[in-house]
Amino acid sequence: MALYSEKVMDHFRNPRNVGVMEDPSGVGEVGNPVCGDIMKIYLKIENDVITDVKFETFGCGSAIASSSMATELIKGKPLSEALELTNKAVTEALGGLPAHKLHCSVLAEEAIKAAVKDYYDKNGIAYDPAMFPEGCDCDHCGCH
Ligand code: FES
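One rule links them: number in our numbering = place in the sequence shown (from 1) + 19.
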């Protein structure tokens, strides 16, 4: 069996929503301290809905495919739904990732959360800090 699903290869070769956004509502940048990969997500938010999303990922193929899929999953969705997006959902939508690559999808979940937090902070919107815990719980990337 191939190591990577067709969907992973498709999103790696033809990533959706790549680029920089002018005047974003929120930006989230996260890095994996072990591999050094970096992911940046830009959100345009109107009336609590994500109307546009862009990403830049300096990282491995799995991180690029995860970013691309994650942006597709949250585009047009309310913030509440975007905040519930887990790396597991991203991985499932990609048709799976090898176990040692699961942490790459964690970056996508974290970058989206960081971008929403940035939007809340910039606009003085109150939130429960527990919604944005430091580090992830993947046990791979060494961020905690
Ligand atoms: Fe670093 Fe995939 S190996 S995010």
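We put the CB at the ideal spot given by N, CA and C, even for glycine.
- Taking a C-beta distance under 8 Å as the contact criterion, E128 and L104 qualify as a contact pair.
- Under the criterion of beta carbons closer than 8 Å, S44 and K63 qualify as touching, at roughly 5 Å.
- Counting along the chain, the unbroken beta strand (DSSP E) around T76 starts and ends at 68–77.
- Within the same chain, Cβ atoms closer than 8 Å to the Cβ of E25 are found at G114, the five residues on either side in sequence being excluded.
- Residue state for Y23 is assigned as coil, using DSSP reduced to three classes.
- Straight across, the Cα-Cα distance linking H30 with S81 is about 9 Å.
- Judged by pairs of C-beta atoms under 8 Å, the region 132–146 does not touch the region 116–124, as fewer than three such pairs exist.
- Excluding residues up to 5 positions away in sequence, R35 lie with their Cβ nearer than 6 Å to the Cβ of E91 in the same chain.
- K107 counts as exposed, since fewer than 16 other C-beta atoms from the protein chains shown sit within 10 angstroms of its C-beta.
- Excluding five sequence positions before and after M40, the CB atoms of its chain that fall closer than 6 Å to its own CB belong to Y61, K73, given in chain order.
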